[in-house]
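Asks: Once you've had a glance at the structure underneath, I'll fire off some questions.
Protein chains: 2
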Amino acid sequence: MSSHKLTSLQSQMKIEAGTVAHSLENFIKEHVTKLDREGAILGLSGGLDSAVVAALCQRAVGAGQTLALLMPEKDSQKEHLKDALDLARKLKIETKIIDIVPYLKQLGAYQLFELNRLPLPQPLKGALVNKAYRYYARKTGEPPFAASLLGFKDKEFSTYLSKGLAYCRLKHRVRMMLLYLYGELENRLVIGTANRTEHEIGFFVKHGCDDAVDVMPLLNLYKTQVIELAAYLKIPSRIINKNPSPDIIPGLIDEEAIGIPYAELDLILPALANQWPEHEIAEALKIGAEKISYVKNLVRKSAHMRQVYTP
Amino acid sequence: MSSHKLTSLQSQMKIEAGTVAHSLENFIKEHVTKLDREGAILGLSGGLDSAVVAALCQRAVGAGQTLALLMPEKDSQKEHLKDALDLARKLKIETKIIDIVPYLKQLGAYQLFELNRLPLPQPLKGALVNKAYRYYARKTGEPPFAASLLGFKDKEFSTYLSKGLAYCRLKHRVRMMLLYLYGELENRLVIGTANRTEHEIGFFVKHGCDDAVDVMPLLNLYKTQVIELAAYLKIPSRIINKNPSPDIIPGLIDEEAIGIPYAELDLILPALANQWPEHEIAEALKIGAEKISYVKNLVRKSAHMRQVYTP
Numbered sequence: 149m150s151s152h153k154l155t156s157l158q159s160q161m162k163i164e165a166g167t168v169a170h171s172l173e174n175f176i177k178e179h180v181t182k183l184d185r186e187g188a189i190l191g192l193s194g195g196l197d198s199a200v201v202a203a204l205c206q207r208a209v210g211a212g213q214t215l216a217l218l219m220p221e222k223d224s225q226k227e228h229l230k231d232a233l234d235l236a237r238k239l240k241i242e243t244k245i246i247d248i249v250p251y252l253k254q255l256g257a258y259q260l261f262e263l264n265r266l267p268l269p270q271p272l273k274g275a276l277v278n279k280a281y282r283y284y285a286r287k288t289g290e291p292p293f294a295a296s297l298l299g300f301k302d303k304e305f306s307t308y309l310s311k312g313l314a315y316c317r318l319k320h321r322v323r324m325m326l327l328y329l330y331g332e333l334e335n336r337l338v339i340g341t342a343n344r345t346e347h348e349i350g351f352f353v354k355h356g357c358d359d360a361v362d363v364m365p366l367l368n369l370y371k372t373q374v375i376e377l378a379a380y381l382k383i384p385s386r387i388i389n390k391n392p393s394p395d396i397i398p399g400l401i402d403e404e405a406i407g408i409p410y411a412e413l414d415l416i417l418p419a420l421a422n423q424w425p426e427h428e429i430a431e432a433l434k435i436g437a438e439k440i441s442y443v444k445n446l447v448r449k450s451a452h453m454r455q456v457y458t459p
Numbered sequence: 149m150s151s152h153k154l155t156s157l158q159s160q161m162k163i164e165a166g167t168v169a170h171s172l173e174n175f176i177k178e179h180v181t182k183l184d185r186e187g188a189i190l191g192l193s194g195g196l197d198s199a200v201v202a203a204l205c206q207r208a209v210g211a212g213q214t215l216a217l218l219m220p221e222k223d224s225q226k227e228h229l230k231d232a233l234d235l236a237r238k239l240k241i242e243t244k245i246i247d248i249v250p251y252l253k254q255l256g257a258y259q260l261f262e263l264n265r266l267p268l269p270q271p272l273k274g275a276l277v278n279k280a281y282r283y284y285a286r287k288t289g290e291p292p293f294a295a296s297l298l299g300f301k302d303k304e305f306s307t308y309l310s311k312g313l314a315y316c317r318l319k320h321r322v323r324m325m326l327l328y329l330y331g332e333l334e335n336r337l338v339i340g341t342a343n344r345t346e347h348e349i350g351f352f353v354k355h356g357c358d359d360a361v362d363v364m365p366l367l368n369l370y371k372t373q374v375i376e377l378a379a380y381l382k383i384p385s386r387i388i389n390k391n392p393s394p395d396i397i398p399g400l401i402d403e404e405a406i407g408i409p410y411a412e413l414d415l416i417l418p419a420l421a422n423q424w425p426e427h428e429i430a431e432a433l434k435i436g437a438e439k440i441s442y443v444k445n446l447v448r449k450s451a452h453m454r455q456v457y458t459p
């Protein structure tokens with residue numbers, strides 16, 4: 149039975165990329181019209197999701213009406229900026245590069261992250277972040293990302309972690325502000341790049357550039373489905389094949405930060421959405437039950453990031 | 149019949165302030181606990197709504213656990229800062245004054261607003277803003293606020309207006325960013341101050357400090373009900389009696405900007421919520437039908453500000 153269930157889940161996850169692309173283009177076009185805008189604006193990071201959204205916008209409203217903001221800062225990897233620029237050139241969409249370092253400096257952001265006090269090269273910084281990340285996970289039983297979804301009350305780590313988090317989150321909130329600034333000056337709709345996987349587990353910055361937008365075309369697609377869509381849209385394989393990373397702090401890639409590979413997440417999440425009991429999911433996917441509880445816990449703890457509570 | 153309807157509407161609007169205050173305190177306390185926070189943070193402007201929220205936080209989590217950020221800039225009126233400080237002192241809550249001018253300067257904000265190029269005193273600037281505001285309303289048939297809810301396509305005014313709007317909105321987005329920065333560093337819940345009236349008509353900055361928060365305790369209360377609550381909470385009469393203003397651009401108060409007094413809005417909106425036909429509302433409230441359509445239009449045009457669209 150369980151292998152039958154797995155097969156049905158896998159077939160449920162299949163998308164007809166051409167149809168999906170067409171309907172998402174319509175979705176973007178409709179909302180640009182409905183909200184009386186004259187074009188689209190998005191943040192282009194060099195990663196997969198924003199590459200797909202850029203291609204969809206270009207098809208929806210035209211290359212001339214699509215503006216991509218590239219907003220690197222000290223911790224951004226150069227290769228991502230290059231990939232973003234190459235893609236924009238290929239799509240013939242407009243770009244504006246805005247170095248956000250001055251804004252972050254003004255906010256005192258770089259002083260929040262202890263490792264910035266030392267004159268370390270980025271790779272070494274990355275290795276140290278990674279070590280500290282794993283150390284925390286071993287000591288406390290959950291990775292910092294999972295702990296960060298609610299408030300930190302752990303006295304031993306809280307100062308470092310709160311500062312590190314505030315450091316990361318400022319970056320995405322500055323980016324959101326700039327997207328709206330240029331969006332408003334040029335009457336463009338702000339197009340978000342969040343996918344369903346990261347949205348459901350809270351792997352985004354609350355009220356940051358991957359959350360506070362006008363529309364979210366990819367929100368119904370899990371990460372692995374976005375990869376399928378990317379292939380259909382002929383996104384360069386360099387972008388499709390790179391290891392997804394928030395590119396927000398040196399050394400941390402998505403799957404390391406989350407603690408579970410997307411391939412597993414994208415079966416666990418739809419199985420949970422189907423309301424399968426945890427033990428059946430574990431059996432069907434042949435993974436430990438503790439992983440299912442962990443994912444369920446991420447969904448529960450991040451609920452506040454998907455809504456503002458009112459009485 | 150219509151006078152009976154009016155009476156029933158008025159009685160429906162009555163609140164038992166003590167009961168409401170108590171339940172909102174519980175709401176705040178519960179969410180601080182539920183989200184594992186150790187206190188509350190809010191932006192205190194010197195206006196009515198944030199004063200009420202400050203008092204509720206103080207009662208909910210204690211004065212020592214309530215931090216109020218005061219974030220003035222060039223266009224902020226001095227008296228509002230003074231009122232905010234006086235209130236904080238009375239409530240014995242912590243305050244931090246953050247001059248947001250350097251952040252706005254870095255973003256080029258002050259250059260966005262044409263009147264800033266001239267060395268005019270604030271009152272004169274205010275008078276000119278007001279004149280321009282009314283001129284636009286007369287020329288186009290709707291005040292700039294109503295036009296601003298969707299994109300500007302009016303070529304004659306769009307550059308000035310888009311810049312003016314981007315100017316105003318940057319301020320509230322910078323404030324949001326700072327509220328989250330300090331909230332995250334000190335593990336506090338970000339408490340919003342939006343009321344139902346302004347939320348329903350879109351009189352707020354999308355993803356700004358009156359929108360992008362963790363909880364919104366006042367969201368079920370119309371402005372006039374917040375005034376009742378303020379009296380119960382012994383908010384100083386200076387704050388209760390001042391003319392509500394966004395304090396975001398010289399010379400503009402809420403009722404002038406919106407085009408309808410709160411006393412009328414707070415009957416029209418609940419009547420619309422009760423699904424009364426427009427002509428019955430007009431008859432019962434003895435106001436022109438065009439006012440009802442105008443309010444209905446604000447609600448419709450601002451729908452995108454209360455949700456992020458997904459496919």
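As they're listed, the protein sequences go chains Z and B.
This note's numbering puts the last residue of the first sequence at 459; the count rises by one with no breaks.
This note's numbering puts the last residue of the second sequence at 459; the count rises by one with no breaks.
Here a beta-carbon is modelled for each residue, glycine too, at the ideal position from N, C-alpha and C.
Closest to Ile387 (chain B) by C-alpha separation, out of B:Ile375, B:Pro398 and B:Ile245, would be which residue?
Replies: Checking every option, the nearest Cα to that of Ile387 (chain B) belongs to B:Ile375.
Asks: In whole angstroms, give me the CA-to-CA distance for Asp358 (chain B) and Met325 (chain B).
Replies: If I take the Cα positions, the gap works out to 12 Å.
Asks: Just mark Tyr283 (chain Z) as buried or exposed, buried being the case when its beta carbon has 16 or more other beta carbons within 10 Å.
Replies: Label assigned to Tyr283 (chain Z): exposed.
Asks: Counting only runs of 3+ residues fully inside the segment 239 to 274 of chain B, write out the beta strand (DSSP E) ranges in chain order.
Replies: With a minimum length of 3 residues, the continuous beta strand (DSSP E) runs that stay inside the segment 239 to 274 of chain B are 242 to 245.
Asks: How is the beta strand (DSSP E) around Val338 (chain Z) delimited, first residue to last?
Replies: Where Val338 (chain Z) is concerned, the enclosing beta strand (DSSP E) stretches over Arg336 to Val338.
Asks: Cutting at 6 Å between CB atoms, please list the residues of its own chain near His320 (chain Z), excluding the five before and the five after it.
Replies: Counting only Cβ-Cβ distances below 6 Å, and skipping sequence neighbours, we find Val353, Gly356 and Cys357.
Asks: Are the C-beta atoms of Val456 (chain Z) and some chain B residue less than 7 Å apart?
Replies: Judged by the 7 Å Cβ criterion, Val456 (chain Z) is in contact with chain B.
Asks: Contact check, Ala342 (chain B) vs Leu377 (chain B) under 8 Å by CB: the rounded distance?
Replies: The pair is not a contact, with the Cβ atoms about 14 Å apart (cut-off 8 Å).
Asks: Candidates Z:Ala437, Z:Phe351 and Z:Ser385: which alpha carbon is nearest Lys449 (chain Z)'s?
Replies: Out of Z:Ala437, Z:Phe351 and Z:Ser385, Z:Phe351 has the C-alpha closest to the C-alpha of Lys449 (chain Z).
Asks: Going by DSSP, which residues form a beta bridge with Leu132 (chain B)?
Replies: In the structure as shown, chain B starts at 149 and stops at 459, and residue 132 (chain B) therefore has no counterpart that could be examined.
Asks: If we cut at 7 Å on Cβ distances, does Gln254 (chain Z) have a partner in chain B?
Replies: Answer yes: the Cβ-Cβ gap between Gln254 (chain Z) and chain B drops below 7 Å somewhere.
Asks: Using 8 Å as the threshold, is the segment 231 to 246 of chain Z in touch with the segment 285 to 302 of chain Z, meaning 3 or more CB pairs across them?
Replies: The segment 231 to 246 of chain Z, when compared against the segment 285 to 302 of chain Z, does not touch it at the 8 Å Cβ threshold.
Asks: Using DSSP with H/G/I as helix, E/B as strand and the rest coil, what is Val277 (chain Z)?
Replies: Correct three-state label for Val277 (chain Z): helix.
Asks: Take the Cβ of Leu381 (chain B) as the centre, count every other Cβ of all protein chains shown within 10 Å, and call the residue buried at 16 or more, exposed below.
Replies: Buried, since its Cβ has 16 or more Cβ neighbours within 10 Å.
Asks: If distances are taken between C-alpha atoms only, which option among B:Asp402, B:Ile401, B:Leu276 and B:Glu334 comes closest to Gln213 (chain B)?
Replies: Of B:Asp402, B:Ile401, B:Leu276 and B:Glu334, the residue nearest in Cα terms is B:Glu334.
Asks: At a Cβ cut of 9 Å, what residues of the segment 179 to 191 of chain B count as close to chain Z, listed as they run along the chain?
Replies: Residues His179, Val180, Lys182, Leu183, Asp184, Arg185 and Glu186.
Asks: Checking 7 Å against the spacing of the C-beta atoms, do Gly312 (chain Z) and Phe261 (chain Z) come in under that value?
Replies: Cβ distance < 7 Å, so Gly312 (chain Z) and Phe261 (chain Z) count as in contact.
Asks: Just to confirm the assignment: which complete beta strand (DSSP E) runs, minimum length 3, are found wholly within the segment 271 to 328 of chain Z?
Replies: Runs of the beta strand (DSSP E) inside the segment 271 to 328 of chain Z: none found.
Asks: Listing by chain order, which chain Z residues have their CB less than 9 Å from the CB of Lys222 (chain B)?
Replies: The premise fails here: Lys222 (chain B) is roughly 16 Å from chain Z at the closest Cβ pair, so nothing lies under 9 Å.
Asks: How about Asp223 (chain Z) and Pro384 (chain Z): do their beta carbons lie closer than 7 Å?
Replies: For Asp223 (chain Z) and Pro384 (chain Z), no; Cβs fall outside 7 Å.
Asks: Do Ile189 (chain B) and Leu218 (chain B) have their beta-carbon atoms positioned less than 7 Å apart in this structure?
Replies: Contact flag unset, no.
Asks: Residues of chain Z with CB under 9 Å from Gly166 (chain B), in chain order?
Replies: Simply none; closest approach about 15 Å.
Asks: Note down, in chain order, each residue of its chain lying with its Cβ closer than 7 Å to the Cβ of Leu415 (chain Z), except the 5 sequence neighbours on either side.
Replies: So the list reads Leu157 and Leu433, once near-sequence residues are dropped.
Asks: From this set, B:Arg336, B:Val456 and B:Glu428, which residue's C-alpha is nearest Ile176 (chain B)'s C-alpha?
Replies: Answer by Cα proximity: B:Arg336.
Asks: Would you decide whether Asn152 (chain B) is buried or exposed? Buried here means 16 or more other CB atoms lie within 10 Å of its CB.
Replies: In the sequence as displayed, the identity of residue 152 (chain B) is His instead of Asn. Counting Cβ neighbours within 10 Å, His152 (chain B) comes out exposed, since fewer than 16 surround it.
Asks: Here's the rule: buried if 16 or more other CB atoms are within 10 angstroms of the residue's CB, otherwise exposed. What is Lys371 (chain B)?
Replies: So Lys371 (chain B) ends up on the buried side.
Asks: Comparing C-alpha positions only, which one of B:Glu178, B:Thr167, B:Glu173 and B:Glu186 sits nearest to Gly331 (chain B)?
Replies: Answer by Cα proximity: B:Glu186.
Asks: Quick one: is Gly299 (chain B) near chain Z, going by C-beta distance under 7 Å?
Replies: Yes, Gly299 (chain B) lies at the interface with chain Z (some Cβ there is under 7 Å from its Cβ).
Asks: With a cut-off of 8 Å on the beta carbons, I'd call Asp402 (chain Z) and Pro418 (chain Z) a contact; round off their distance for me.
Replies: Contact doesn't hold; Cβ gap of about 18 Å is too wide.
Asks: Quick one: which chain B residues come within Cβ less than 9 Å of Tyr251 (chain Z)?
Replies: Ordered by position in chain B, the residues that pass the 9 Å Cβ test against Tyr251 (chain Z) are Tyr251, Gln254 and Leu255.
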